[in-house]
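Residues 229 to 395, numbered by our numbering, are exactly what the sequence shown covers, in order.
All residues carry an ideal CB built from backbone N, CA and C; glycine is no exception.
Below is one structure, written out as structure tokens; comments come after it.
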Amino acid sequence: MLNLEWVAKGRLPFQTRFGLHTGSAIVGNVGSMERMNYTVMGDAVNLASRLEGANKFYGTSILVSDQTRQQAGDEFLFRPVDLVRVMGRTEGVRIYELVADQRERPPESLVTRCRRFDEAFEACLAREWEQALSVYEELQRAAPDDEVAALLTERCRELIGHADAHE
229 MLNLEWVAKG
239 RLPFQTRFGL
249 HTGSAIVGNV
259 GSMERMNYTV
269 MGDAVNLASR
279 LEGANKFYGT
289 SILVSDQTRQ
299 QAGDEFLFRP
309 VDLVRVMGRT
319 EGVRIYELVA
329 DQRERPPESL
339 VTRCRRFDEA
349 FEACLAREWE
359 QALSVYEELQ
369 RAAPDDEVAA
379 LLTERCRELI
389 GHADAHE
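Here's what the structure looks like:
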């Protein structure tokens, strides 16, 4: 609501970014009697913080881990963004953008767009770069300002070029 008011007054909107991950954390006061700090610590907190920071790179506002996406169930609409390596973990972490609240009935065109992202992402995981590129190019043509589509389109082109160079 605040952003709508600001834009109506000619101000720039206030940009916020969130990283969400589900897991265990230690929460509470840490320190000594002279210096006490209320904080949160743990792997889940570290991953959420990294996701929050990654929003800037991807041009997104809310990134979530696969674990959070799974626990959210069907109440929210997500699109896959990437598979990222996080320090301290041996396996990559699938990350998603939170796109809409399904209870608010997002437009079918948005639901379809997210499904197409799913298809392209699965093609990438299967190393089917040409197929993924075709879908990402389609998504980018439909929304030229979509930074995720642009990034993944370019990545597929690079991977295809890399594969061609090694044949």
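* Using DSSP with H/G/I as helix, E/B as strand and the rest coil, what is A328? -> Here A328 carries a strand assignment [DSSP, helix/strand/coil].
* To do: Starting from R355, trace the alpha helix (DSSP H) both ways and give me its first and last residue.
  => Here R355 belongs to no alpha helix (DSSP H), and DSSP marks it neither H nor E.
* Asked: To which residues of the same chain is N257 closer than 6 angstroms at the C-beta, ignoring the five residues directly before and after it?
  -> Closer than 6 angstroms at Cβ, skipping near neighbours: M264, Y266.
* Asked: Looking at the unbroken beta strand (DSSP E) that takes in G259, where does it start and where does it end?
  -> Per DSSP, G259 is one residue of the beta strand (DSSP E) stretching across 254-259.
* Asked: Taking the runs of the alpha helix (DSSP H) that are 4 residues or longer, which of them lie wholly in the stretch 280-326?
  -> You should have 294-300.
* **For G238 and N231, the rounded distance between their alpha carbons** => Approximately 10 angstroms between the Cα atoms of the pair.
* Sequence-distant residues of its chain with Cβ nearer than 7 angstroms to L183 (five each side left out) -> In the structure as shown, the chain starts at 229 and stops at 395, and residue 183 therefore has no counterpart that could be examined.
* **Three CB pairs or more closer than 8 angstroms across the stretch 353-371 and the stretch 276-283** => Segments in contact, no.
* **Assigned secondary structure, T267 (DSSP; H/G/I helix, E/B strand, else coil)** => In the structure shown, T267 sits in a strand (DSSP, three-state: E or B).
* Can you grab the Cα-Cα spacing for the pair Q299 / S260, in whole Å? => Between Q299 and S260, the C-alpha separation is close to 37 angstroms.
* First through last residue of the beta strand (DSSP E) which encompasses L248 -> Here the beta strand (DSSP E) through L248 covers 246-248.
* **Inter-residue spacing [alpha-carbon to alpha-carbon] between D184 and I323** => The first residue shown for the chain is 229 and the last is 395, placing residue 184 beyond what the model contains.
* Asked: For F345, which of V327, R333, R331 has the nearest alpha-carbon?
  -> Out of V327, R333, R331, V327 has the C-alpha closest to the C-alpha of F345.
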